[in-house]
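I have placed the structure first, in the form of structure tokens, so that the comments after it can refer back to it.
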Amino acid sequence: MLAYVLKRLGLGILVMLAVSTIVFTLTNVAADPARTIAGEGATAADVEAARIAYGFDRPIPVRYAEWLANVAQGDLGTSYRQRRPVADVVAERLPVTLALGLAAFALALALSLPLGLLAGLRENTWVDRLALVFALVGQAMPTFWFALLGMVIFVVKLGWLPASGSDTWRHFVLPSVVLAYYATPTLMRLTRAGVIEVMKSDYIRTARAKGLRPGKVVLKHAMRNAILPLVSVAAVQLGFMLGGSIVVETIFAMRGLGYLAWESITFSDLPVIQAVVLLIAGIYVLLTLGADILNAWLDPRLRMG
Numbered sequence: 001m002l003a004y005v006l007k008r009l010g011l012g013i014l015v016m017l018a019v020s021t022i023v024f025t026l027t028n029v030a031a032d033p034a035r036t037i038a039g040e041g042a043t044a045a046d047v048e049a050a051r052i053a054y055g056f057d058r059p060i061p062v063r064y065a066e067w068l069a070n071v072a073q074g075d076l077g078t079s080y081r082q083r084r085p086v087a088d089v090v091a092e093r094l095p096v097t098l099a100l101g102l103a104a105f106a107l108a109l110a111l112s113l114p115l116g117l118l119a120g121l122r123e124n125t126w127v128d129r130l131a132l133v134f135a136l137v138g139q140a141m142p143t144f145w146f147a148l149l150g151m152v153i154f155v156v157k158l159g160w161l162p163a164s165g166s167d168t169w170r171h172f173v174l175p176s177v178v179l180a181y182y183a184t185p186t187l188m189r190l191t192r193a194g195v196i197e198v199m200k201s202d203y204i205r206t207a208r209a210k211g212l213r214p215g216k217v218v219l220k221h222a223m224r225n226a227i228l229p230l231v232s233v234a235a236v237q238l239g240f241m242l243g244g245s246i247v248v249e250t251i252f253a254m255r256g257l258g259y260l261a262w263e264s265i266t267f268s269d270l271p272v273i274q275a276v277v278l279l280i281a282g283i284y285v286l287l288t289l290g291a292d293i294l295n296a297w298l299d300p301r302l303r304m305g
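In my numbering, the protein residues as written are 1 to 305.
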């Protein structure tokens with residue numbers, strides 16, 4: 001098991017190095033950092049002075065090596081727009097995204113697991129068809145449209161929830177529902193497919209032949225193997241909720257990482273863009289590593305392979 005974890009950890013480190021190389025290169029090629037720092041209306045001489053002062057006249061590989069060394073020490077640079085350490089800027093926004101992502105993920109699991117289980121146990125019945133329609137609507141509906149529809153109904157018409165911000169728990173209700181509904185169809189369909197496949201297995205028929213109660217057969221024997229494909233996908237979905245909620249955060253004006261990424265792209269704040277992308281990549285790597293370890297614990301064949 002230790003060898004399996006170390007192998008996955010090594011792959012995660014390589015992924016982070018590849019992401020850091022790509023994001024640093026693209027951000028420095030796509031925009032001129034010196035012009036961003038000099039500001040609008042700056043003369044060519046001002047831009048050149050900023051380029052020399054900040055070392056942008058040096059080759060990109062040299063600057064990348066210096067940036068990577070600083071990142072390894074926890075120094076993410078200084079925001080061009082806010083003139084503050086990037087680490088402080090990101091730390092201010094991270095709690096909002098964590099709260100939103102975890103709430104949406106918990107809601108998605110609370111919806112998808114029971115629906116997928118019921119649909120799998122009642123294959124080709126009205127329960128199964130109703131669950132599939134629910135999943136189809138969720139996959140076909142754009143996130144921004146669902147968010148705007150929710151605002152019209154629950155904010156404008158009923159006045160139950162606030163329209164924007166992240167000050168109280170009520171501000172998180174509607175964005176969490178919107179974000180959860182995006183992930184629910186995928187998780188539900190995987191749960192359904194896993195339950196259908198497992199319930200047709202020989203060991204399930206053997207458990208039934210022994211006279212075990214149906215609830216024990218499903219919960220203790222079937223679900224352990226049925227959720228194996230779900231674990232990896234759930235990790236990816238949680239990573240999206242924590243790092244890719246830019247549409248939801250922008251619509252509801254929630255000052256989280258997604259909204260920070262949109263602001264940074266708008267104002268070409270390259271150090272913040274680099275830090276946000278690197279943090280999101282790190283979240284994905286950690287979640288994927290955790291999912292792999294959990295899958296290996298649930299299914300010893302994976303770590304043996």
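Where a beta carbon is used, it is the ideal one built from N, C-alpha and C, also for glycine.
Span of the alpha helix (DSSP H), counted from its first residue to its last, around residue i
i	result
alanine 69	60–72
isoleucine 147	In the sequence on display, residue 147 carries alanine and not isoleucine. First-last of the alpha helix (DSSP H) with alanine 147: 143–150.
phenylalanine 56	Here phenylalanine 56 belongs to no alpha helix (DSSP H), and DSSP marks it neither H nor E.
threonine 184	170–199
valine 133	126–140
glutamate 263	257–266
isoleucine 246	246–251
Secondary structure of residue i, DSSP reduced to three states
i	result
threonine 27	helix
proline 85	strand
threonine 43	coil
proline 95	helix
proline 271	helix
glycine 159	coil
serine 166	coil
arginine 8	helix
glutamate 48	helix
arginine 122	coil
methionine 254	coil
Residue environment, residue i, which counts as buried when at least 16 other CB atoms sit within 10 Å
i	result
alanine 253	exposed
leucine 115	buried
isoleucine 251	buried
phenylalanine 144	exposed
arginine 58	exposed
alanine 160	According to the sequence shown, residue 160 is tryptophan rather than alanine. Under this definition tryptophan 160 is an exposed residue.
glutamate 92	exposed
leucine 158	exposed
glutamate 123	exposed
alanine 34	buried
glycine 194	buried
proline 95	exposed
arginine 170	exposed
valine 198	buried
Below-8 Å beta-carbon distance, residue i vs any chain C residue
i	result
glutamine 139	Considering every chain present, this structure includes no chain C. It has just one protein chain.
Per DSSP, the bridge partner or partners of residue i
i	result
threonine 78	Pro85
>> Is it the case that the stretch 172–179 contacts the stretch 99–112, given that we only count it when at least three CB pairs across the two stretches are under 8 Å?
In response: yes
> With a cut-off of 8 Å, do at least 3 Cβ pairs link the stretch 141–156 to the stretch 69–79?
Replying inline: Cβ pair count under 8 Å is below three, so no.
>> Count Cβ pairs between the stretch 274–284 and the stretch 107–123 that sit closer than 8 Å; are there 3 or more?
In response: no
> Is it a yes or a no for the stretch 275–294 touching the stretch 5–15, going by three-plus beta-carbon pairs under 8 Å?
Replying inline: yes
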